[in-house]
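Structure record follows, encoded as structure tokens.
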Amino acid sequence: MIVLEFKLKGKSQQYRIVDEMIRTAQFIRNKALRYWMDNQNVKLSDLYKQCAVLAKEFEWAGKLNSMARQASAERAIFAIQRFFANCKANKPGKKGYPRFKKGTRSVEYKTSGWKLSPDKRSLTFTDGFAAGTFKLVGSRDLHFYAPDEIKRVRVIGRADGYYAQFCISVERTEEVIPTGKAIGIDVGLNHFLTDSTGATVSNPRHLRKSEKGLKRAQKRVSSKKKGSANQKKAINRLGRKHLKVSRQRKDFAIKTALCVVKSSDFVAYEDLQVRNMVKNHKLAKSISDAAWSQFARWLQYLGKVYGKTVVAVAPQYTSQDCSTCGNTVKKSLSVRTHICGCGTVLDRDHNAALNILAKVLRQAGINLNTLGHREINAWGQSDLYSLVVTSMSKLTG
Numbered sequence: 263m264i265v266l267e268f269k270l271k272g273k274s275q276q277y278r279i280v281d282e283m284i285r286t287a288q289f290i291r292n293k294a295l296r297y298w299m300d301n302q303n304v305k306l307s308d309l310y311k312q313c314a315v316l317a318k319e320f321e322w323a324g325k326l327n328s329m330a331r332q333a334s335a336e337r338a339i340f341a342i343q344r345f346f347a348n349c350k351a352n353k354p355g356k357k358g359y360p361r362f363k364k365g366t367r368s369v370e371y372k373t374s375g376w377k378l379s380p381d382k383r384s385l386t387f388t389d390g391f392a393a394g395t396f397k398l399v400g401s402r403d404l405h406f407y408a409p410d411e412i413k414r415v416r417v418i419g420r421a422d423g424y425y426a427q428f429c430i431s432v433e434r435t436e437e438v439i440p441t442g443k444a445i446g447i448d449v450g451l452n453h454f455l456t457d458s459t460g461a462t463v464s465n466p467r468h469l470r471k472s473e474k475g476l477k478r479a480q481k482r483v484s485s486k487k488k489g490s491a492n493q494k495k496a497i498n499r500l501g502r503k504h505l506k507v508s509r510q511r512k513d514f515a516i517k518t519a520l521c522v523v524k525s526s527d528f529v530a531y532e533d534l535q536v537r538n539m540v541k542n543h544k545l546a547k548s549i550s551d552a553a554w555s556q557f558a559r560w561l562q563y564l565g566k567v568y569g570k571t572v573v574a575v576a577p578q579y580t581s582q583d584c585s586t587c588g589n590t591v592k593k594s595l596s597v598r599t600h601i602c603g604c605g606t607v608l609d610r611d612h613n614a615a616l617n618i619l620a621k622v623l624r625q626a627g628i629n630l631n632t633l634g635h636r637e638i639n640a641w642g643q644s645d646l647y648s649l650v651v652t653s654m655s656k657l658t659g
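With our numbering applied, the sequence shown closes on residue 659, and no number is skipped along the way.
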């Protein structure tokens, strides 16, 4: 499944209708959740039936396409299933009990209620709201995909306008030449990442760089009269600034993950529990700004696309243990150099990256210290890489 996004260009009246569509989808979702709360053993089919009841009871709710109403009910059932899954897994902390939505920004259609123009450059909504035709603005081309491959169309409202996301049922695969490299990656705040070869990528700190402008925009929001048109304009300007930071962070995570995956055939990274780490209020902003979780998700996704092996490793003791002798050298976060009694002196993150790779190799039954330097074989792959891939394939089945 791939997602292609386009900006919707239309008139002001059309945008107001889209807002009504989004509010209706939120109403259906909240009503479906209330029905689950008031009844026992509710299934998705029961929520589908409740959507039909709501369409008859509220005339404006009936304007929304029937499949769009079902998609809104699915959002409720997904939240319910996630809650029960967290309870079953005994997830620490809050389990995520489903809540009523207040500021929903999207509505989702399935295979009806919309249609593309013959040139696939415009999108028309055909349900009861009659939002009309919107021009699609974007760099991607929908001509490569058959109409029946588009399974869902999601309309999202953001600070800088409205967007349509097309969910297309195709598998994305890319062919690349094997590099024969296996690396470990340690992420941090000083450097965004350091790999087992000692190479580093600097931390861009998008939020920190934009913080002054964000504070100024927030002050303007606070200074305006509550509920006035000027305050709404100020809120929109603030939202645009936050949206820019979010897009910068996502773009950096994708490009960095892509470089890592393309340059190596085997990648081991630390599986950080960011949710717990942000409880440290002194580092929470910097950790959130780094977006390690987003980077890890793109590593996993691009690994599948390019046919590379990407493995998450538990981060315990990777910074404290010596990558050469294995002895534990305790150090605080402020100590950035690893100095061991065996004579090893390394950057703290470089030492951790070596330990991350060594952990995976130990799981595969390979001793990194006894391998030494290996030659590249006739297929362009090192003996180390071949051993890692062969051993890890046995472990993962």
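Even glycine gets a Cβ: it sits at the ideal position worked out from N, Cα and C.
Local Cβ density within 10 Å of residue i, reported as buried at 16 or more and exposed below that
i	result
N538	exposed
F396	buried
P234	With the chain covering only 263 through 659, there is no way to say anything about residue 234.
R331	buried
G375	buried
I439	exposed
A620	buried
G605	exposed
D551	buried
G442	buried
F391	buried
A496	buried
L455	buried
CB contact flag (residue i, residue j, <8 angstroms)
i	j	result
K325	D389	yes
Y568	E411	no
L564	Y531	no
L534	P577	yes
A317	A323	yes
F345	G355	no
R598	D609	yes
G446	S458	yes
N292	F362	yes
E267	Y425	yes
D448	D611	yes
R393	I279	First, the amino acid is wrong: residue 393 is Ala here, not Arg. The answer is yes: Cβ separation under 8 angstroms.
Straight-line Cα distance separating residue j from residue i
i	j	result
K494	A294	31 angstroms
A461	H405	41 angstroms
V417	T366	11 angstroms
A338	E370	13 angstroms
C602	A351	40 angstroms
M283	D527	46 angstroms
S328	V529	45 angstroms
S464	K486	39 angstroms
P409	Q427	14 angstroms
W298	L309	8 angstroms
A491	S581	53 angstroms
Q276	N617	56 angstroms
S386	N613	According to the sequence displayed, residue 386 carries Thr and not Ser. If I take the Cα positions, the gap works out to 56 angstroms.
T632	T586	Residue placement at T632 is flagged as unreliable, the pLDDT there being 43, under the threshold of 50; the coordinate-derived value follows with that caveat. Their backbone Cα atoms lie some 11 angstroms apart in a straight line.
A335	I290	7 angstroms
K377	F514	34 angstroms
H543	K488	30 angstroms
Top-ranked residue by Cα proximity to residue i, from the options
i	options	result
A421	K487, V507, F289 and R499	R499
E473	K443, T459 and S508	S508
Y579	R559, V573, H600 and K570	H600
A553	A620, I516, W298 and K544	I516
S274	C521, R511, H453 and G423	G423
R383	A335, S401 and V304	S401
V265	A408, R414, Y277 and R285	R414
D403	D513, I430 and T606	I430
K269	R296, F289 and L398	L398
T571	V522, K481 and A479	V522
A574	I342, S555 and V280	S555
R482	L455, K544, V540 and G501	G501
V432	S379, Y407, K377 and F454	Y407
K503	H468, L545 and K364	H468
S596	V304, Q510, L520 and G450	G450
DSSP three-state assignment for residue i, whether helix, strand or coil
i	result
A496	helix
V369	strand
K269	strand
A317	helix
A615	helix
A338	helix
L451	coil
W322	coil
Q276	helix
R598	coil
K413	strand
V483	helix
F391	coil
S379	coil
Interface flag, residue i vs chain B, CB-CB below 8 angstroms
i	result
A426	Of the protein chains in this structure there is only one, and it is not chain B.
Heavy atom of the ligand FMN within 7 angstroms of residue i beta-carbon
i	result
Q582	The model on display carries no ligand, and the ligand FMN is accordingly not part of it.
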